[in-house]
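Colleague:
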Amino acid sequence: MISTWIRGEAIREASLYDGIRIRLVAQLGRTRIPLQLDVGFGDAAGSDATDLDYPTLLDHEPPHVRAYRPQYVVAEKLEAMVALGFVNSRLKDYYDLWRILTNMEISDQDLLIAIQATFAGRRTGIPRKVPDALTAAFAHDAQKIIQWEAFLGRSGLDIAGATLDSVVRELRNRLVPLLSLAGTDTSVRLPPAET
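Here's what the structure looks like:
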């Protein structure tokens, strides 16, 4: 059934890039399903989008969409973490990054290029030290742990052993070296990945 309620609003979280957030409520039988789509304009990933057949749960034809490449999703979420620092309450981003980086093969070269392009496009400086949002202090903060556990509870995710501390540590180990490389010089590139 087509939603009878659709609302669009400007994305203003960072005010450094253009986008529209579309909220709608779909119905499947009697079940109401709230949906949110964020549409960005002019992001670094836009020119490097890929065609994707979105997986379905039922035996239906998968929708064919244009989508960001995973390295740009990682770069945008990392940029938000750097920009928000310790006040970051978007714990879903930590889960998303952790899942993407542990379940998808993305080369460091591709991540480095995406990080450089995203930070430049959003006019965010690349930090010279570990970003606050990836520190042990963040991962051990009592309020952040409560937010993490609330996110897991709300989402119904069963990810045994994935504490906020372990997730932040894995993200820090993978992403901080790339931030260091990205911040040394815009011409810095990793050697090609071995095949």
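In short: position in the sequence shown from 1, add 30, done, that's this note's numbering. Glycine included, each C-beta is placed from N, C-alpha and C at the ideal position. This one's a predicted model, so the numbers in the text were calculated from it and none came from an experiment.
May I have a chain-ordered list of the alpha helix (DSSP H) segments no shorter than 4 residues that lie completely inside the stretch 120-169?
Modeller: DSSP runs (the alpha helix (DSSP H)) wholly in the stretch 120-169: 121-133 and 138-151.
Colleague: Got a sec: does the ligand GTP put a non-hydrogen atom nearer than 7 angstroms to the Cβ of I36?
Modeller: With respect to the ligand GTP, the structure offers nothing, as it holds no ligand at all.
Colleague: Just grab the DSSP bridge partners of P64 for me.
Modeller: V55
Colleague: Can you give the Cα-Cα distance for Q192 and V69, rounded to whole angstroms?
Modeller: The sequence given here places Ala at residue 192; Gln does not occur at that position. Each residue's alpha carbon lies about 30 angstroms from the other.
Colleague: What are the start and end residues of the alpha helix (DSSP H) that includes A172?
Modeller: A172 to S185
Colleague: Could you give the distance in angstroms between the alpha-carbon of L209 and the alpha-carbon of L88?
Modeller: 40 angstroms
Colleague: Grab the span of the alpha helix (DSSP H) containing A82 for me, first residue to last.
Modeller: The identity of residue 82 in the sequence shown is Leu, whereas the question assumes Ala. Unbroken run through L82 is the beta strand (DSSP E), T80 to D83; no alpha helix (DSSP H).
Colleague: Report yes or no: do the stretch 156-165 and the stretch 132-142 share at least 3 C-beta pairs separated by less than 8 angstroms?
Modeller: The stretch 156-165 vs the stretch 132-142: no contact.
Colleague: Please confirm whether A97 and T80 have their CB atoms less than 8 angstroms apart.
Modeller: A Cβ-Cβ contact shorter than 8 angstroms links A97 with T80.
Colleague: Assuming D123 and A110 are in contact, meaning their beta carbons sit under 8 angstroms apart, how far apart are those beta carbons, in whole angstroms?
Modeller: The pair is a contact, with the Cβ atoms about 6 angstroms apart (cut-off 8 angstroms).
Colleague: Do the CB positions of I50 and G38 come within less than 8 angstroms of each other?
Modeller: yes
Colleague: Does DSSP put R199 in a helix, a strand or coil?
Modeller: helix
Colleague: Across which residues does DSSP place H94 in a beta bridge pair?
Modeller: D83
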